[in-house]
């Protein structure tokens, strides 16, 4: 179970619905008008059976024999009513589609934005396929309900009310009888609903599994191919597909059961009305025509009852979807933007201070202990250490992808969590090792952080980074499409683009997390030299296990087992026995024969 | 994806029926049961009208006329009503369940088929299709395709019901029946108009649904980049644009459906009114009785609701056809790698030969061949290092060696057999690639290493030891059975790489291809991995893409690539002499360090007049 699910599955159906409606005020826009139209069209549905009854009673079965004139008038009036009903229904449908789609679109977008607002840690615990389904399929579930079910429910309720009133007019005794027959149904249905709800939640969960498995088989295509794991992957997908199918069938079995119950209750009510009606008729309290009309009303009463049952099932599905969307919105970002209240950092080289910072991943042991360090403005700092020593955690805390468990991080004397994201992300940029690219042109990817940058500026940046030769090798130059996830480029080329992207964004603190690990040494050295020049005006922190970075840095910070064990310039550190000297020795050994 | 073809309505309907026929043929038994249940429901619905008519004729009216009745008559009436209702209940439950079952089974069947196809289609095809779209094909499109199946048995049941009702009404009065059933050609006509209007809009909505999913997928996948560059707002705007286009398309669909539904609902009502009108005339003429007319009118009111089931099926048809076309485009996609029946049966290290290979990605512009005239070989048990600048085609070369892709010209041979002639699975059994980019499955460590290969735990541990991964795996809570999370999120980059290496080693490949496979691994760890490989690597021919000299040092021969061509081949020392590009590349760090030290020496020499320099700096 992920962080997002934990916040959402415990909430009841009704409060989910209430919260859902409150979050999307668009749904309520013009609702009175829509309901009025709905009631009008409901009234229309009731008119026809009554007309039938009236026509039979007065037109055909009247004391003076059939009255054709009356029948014609009645039929004409009814036809007008039917047409008006259709017009009302059309107007209502259009309104409904418009408001519900507007609301759902807004909800989708809000959930999408919120996913991005969640911390990196929360995002990474959630499967991407499942996240996507929260802004696509889950929202679609709601739309099905909003557009047919929800209104059908209102209409049905209206029809129930109208039918009830008419039944009361004809015979209150029989009306009570019908109500008495249906009352227990309400309780039975409530029990059913609970079970159905649980089963639909399961269906949505299985859907998430399914999407994750399919996505794996698509994204991992080359690994699957390389190791001939098609059969096994196929079986894994099959298992999730079948689990989803079985969950659907189990939910459907429960839904299918609710119908016969309604059917039987309706039959009991009808039989009771016949028996009681005849007895009342003998007592002189009811005419034959009234009893026939009443039997019509019973069907009129039964069909919305069935509709309501069906709609309630659909509602379960929608609520399950809604719950998952709300689950996103209700997940509080644990690394939150202070927003308007936050501070804005003025431009200029950034100074960083870590004060007794500790960090542990949720549920895990601490990975950083008491880290206290100052990084001077304009300095170039290399962070080194073995895998798992806490380097990357340090970088993530520095760029506020995560917040420390203890201690604090200050930039230019301001607590990092007090800085507005808009200011922070502009001034502090990290280049992660895996440079994800968007399916667009090279130019669009490089200017991603500063969309107003012109092609000339991009070319200049690439030239400054020493990448002009590489660009010349691409036949389409800046217009080269990079493919999805940048896969038309090699991993090293993707890193070059990611680096250029950060460079063009022009931050004051640049954090490189193994950002050139897949780049060839000559290019790496060239980039390093370029950055040395270019970073003169800014602060730069680089994490690398190719220690060439450390050799030219102003200062090297050495991590070991979550602590800073050494600090100082390369020349100083390499001269004394210690962690750094060891690291450097094995690096040097690799370089030479 | 092929562009949506402009379609004329009868074709949509015909195509839609064809799609439904596919389902009927695939699940004949479930369909038969659901239709049977529907028919039962239909029969009992009509029967219920009859029973009520009979009860009115025989029990109610006599009672009202005579002023008394018997308990027996009332009991019989109640029993008849309950009996029919029981059957009706059975019918409705059966119809609902089996209609659902059919829909779910068809969804599952096609989701499996679509994914199997993904697993078979070549990587070039994958590169052309966004992940979001492929997800949408397997999810929303399959769902749309089989959406009409839920109301289908009901609709078929309605047809039964109509036939029974028709007979029942015909027996009563031909003229009334004729008028009443005029509504059905009217429904057909309206439906034709409806299909024509809806098809293009529905196609658009379905495509936009896929686009929304694509944008979300890409954006979430690039979540870290979005975050680190603070582009949440721009990403949201991008998503908003597609979401609003989808919204507008859905509203456009809604307008058409919103018109169609009420019209379809009004028609049976108009039918009832027509029946009454004509019926009253017939009654006047003495051609039918009041009781008959009541019954006929009642039948029509009963039909009004289920007739909409026909409408539901028809309403889903355009979406279904669009979904089906998109699903078919996957299932019919061609270009899967053909296999021969050659075998690579040897047990010893394989001999590799690359002969005049040219390769270009289809979707790149003409003339950009990623590899050109690449030829080299590796004798059994030898190690070849492939070296070259970033973007020179090394990774592409590695994917050719294990036949992830085929060369445009030339050939790759293992033990003298062209890889294209090897039977399915044969290349993967003999050669293993450790890619530059590690991909782990949402599975346990064991599952990720074996990928379903049936091997003992000892062999897994042996592979993990060679990959220097045994230490951290042993420290995991459940050892080999520890789940690694989606894409291996619980592990570090270096740990993931080592698992990927173990995955290749556990297969004891006769050709091992490593594509810069240790870039995230610490130097010391890498040194141990390389030492281990050297000691135990007697049965393996190795091709390794590397920049580190220590790795290159393992190689018997170096192949130097530049812009997709082999510009030099030979021993490392030899290449240092002969190839300037190679020399520049592999000695970059030393030269940088030497330069750096020189600069520092200069700085130290200049350090004495440092006060002056400091003063200058303070001035600037």
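Chains as they are written, first to last, in my numbering: chain A, 1 to 593; chain B, 594 to 1213.
All residues carry an ideal CB built from backbone N, CA and C; glycine is no exception.
The structure displayed is predicted, hence computed values, not measured ones.
In this structure, residue 174/A and residue 277/A form a Cβ contact; the two beta carbons are roughly 6 Å apart against a cut-off of 8 Å. For the region 213–231 of chain A, residues whose beta-carbon sits nearer than 9 Å to a beta-carbon of chain B comprise 213, 214, 215, 216, 217, 218, 219, 220, 221, 222, 223, 224, 225, 226, 227, 228, 229, 230, 231. At least 8 Å separates the CB of residue 205/A from every CB of chain B. For residue 542/A and residue 381/A, the gap between their C-alpha atoms comes out near 6 Å. Taken through DSSP and simplified to helix, strand or coil, residue 369/A comes out as strand. Neighbours of residue 98/A across chain B, judged by C-beta separation under 8 Å: 844, 847. Residue nearest to residue 840/B within the set 857/B, 875/B, 863/B, 794/B is 794/B (criterion: CA-CA distance). At a beta-carbon threshold of 9 Å, none of the residues of chain B lie near residue 322/A; the nearest stands roughly 17 Å away.
For the C-beta of residue 855/B, the chain A residues within less than 9 Å are, from N- to C-terminus, 41, 85, 86, 87, 88, 89, 90, 92, 93.
Assigned with DSSP and collapsed to three states, residue 493/A falls in helix. When C-beta distances to chain A are compared with 9 Å, the residues of the region 820–835 of chain B below that value are 820, 821, 822, 823, 824, 825, 826, 827, 828, 829, 832, 833, in chain order. Considering only beta carbons, the part of the region 674–686 of chain B lying closer than 8 Å to chain A consists of 674, 675, 677, 678, 679, 681, 682, 683, 685, 686, in chain order. Cβ atoms of residue 178/A and residue 648/B stay farther apart than 8 Å, at about 17 Å.
Secondary structure of residue 404/A (DSSP, three-state): coil. Residues of the region 972–983 of chain B with a C-beta less than 9 Å from any C-beta of chain A: 980, 981, 982, 983, listed in chain order. Of the residues assessed, residue 260/A falls on the buried side of the cut-off, its CB having 16 or more other CB atoms within 10 angstroms. Rounded to the nearest angstrom, the gap between the Cα atoms of residue 492/A and residue 540/A is 21 Å. Inclusion of residue 449/A and residue 519/A in the CB contact set at 8 Å is not warranted, their separation being larger than that value.
A direct Cα-Cα distance of roughly 21 Å separates residue 308/A from residue 140/A. Using a Cβ-Cβ distance cut-off of 8 Å, the region 634–649 of chain B and the region 702–711 of chain B are not in contact, since fewer than three pairs of beta carbons, one from each stretch, lie closer than that value. Using beta-carbon distances, residue 448/A counts as an interface residue toward chain B, with a partner under 8 Å.
Between residue 739/B and residue 867/B, the beta carbon gap of about 37 Å keeps them out of contact (Cβ cut-off 8 Å).
Counting every other CB atom within 10 Å of its CB across the protein chains shown gives residue 661/B a total below 16, marking it as exposed. DSSP, reduced to helix, strand and coil, places residue 1013/B within a helical segment of the structure shown. Residue environment for residue 549/A: buried (at least 16 other C-beta atoms within 10 angstroms of its C-beta). The Cβ of residue 309/A sits no closer than 8 Å to any Cβ of chain B.
In the pairwise beta carbon analysis, the region 709–718 of chain B is classified as touching the region 219–227 of chain A: at least three pairs are separated by under 8 Å.
Beta-carbon to beta-carbon, residue 436/A and residue 818/B are separated by about 5 Å, close enough to satisfy the 8 Å threshold. Under a criterion of Cβ atoms nearer than 9 Å, the residues of chain A adjacent to residue 700/B are, in order, 241, 244, 245, 248.
By the Cβ criterion, the region 574–587 of chain A is in contact with the region 552–563 of chain A, since at least three pairs of Cβ atoms, one from each stretch, lie closer than 8 Å.
With respect to the 8 Å criterion, residue 377/A and residue 351/A are classified as neighbours on the basis of their beta carbons. Here DSSP, grouped into helix, strand and coil, assigns residue 858/B to helix. In terms of CA proximity to residue 209/A, 129/A leads the group 586/A, 129/A, 230/A, 231/A. The alpha helix (DSSP H) runs of length 4 or more contained entirely in the region 976–1010 of chain B are, from start to end of the chain, 987–994. Residue-level contact check: residue 787/B does not touch chain A, since none of the beta carbons of chain A fall below 8 Å from its beta carbon.
Excluding its 5 nearest sequence neighbours in each direction, residue 742/B has C-beta neighbours in its own chain below 8 Å: 613, 616, 692, 695, 696, 699, listed in chain order.
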